[in-house]
Amino acid sequence: MHRPTPSHQRCVQPATHEGRFAASINSQPFRTSSLTGRLTLRSELEQSPAQWIWQVIADGKVGKMRTTIGLPCR
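Residues in the sequence shown are numbered from 495 upward in steps of one, following the working numbering.
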């Protein structure tokens, strides 16, 4: 599946804030090394550009495996 590359006009970088993110995968803790969030237009609604969502991306490890979790949030 081809995903369009987001343009700079479609994203708004919010101010940096500190926070926490916790998750478990197969009963093992996810250790977060990087957490980012941005306000962006929903890619599946190209004809209706007024629908904004938060995208949250967490990078880290579960055990020895590198893992990335991406969440769209309304």
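Each residue gets a CB set at the ideal place from its N, CA and C atoms; glycine is no exception.
Considering only residues of the same chain and omitting the five flanking positions on each side of Phe527, which have a CB-CB separation below 6 angstroms?
The residue you asked about is not Phe; residue 527 is Ser in the sequence shown. Take Ser527, set aside five residues on each side of it, and the residues of its chain with a beta-carbon closer than 6 angstroms to its own are Asp553 and Gly554, in chain order.
With C-beta atoms as the reference, is Cys567 less than 8 angstroms away from Trp548?
Note that the C-beta distance between Cys567 and Trp548 is below 8 angstroms.
Classify Gly564 as helix, strand or coil using the three-state DSSP reduction.
Three-state DSSP puts Gly564 in a strand.
I'd like the list of long-range same chain contacts for Gln522, defined as Cβ closer than 7 angstroms, with 5 residues on each side in sequence excluded.
Excluding residues within five positions, the ones whose Cβ falls inside 7 angstroms are Val556 and Gly557.
Report the partner residues of Ser521 according to the DSSP bridge assignment.
Ser521 is not bridged to any residue.
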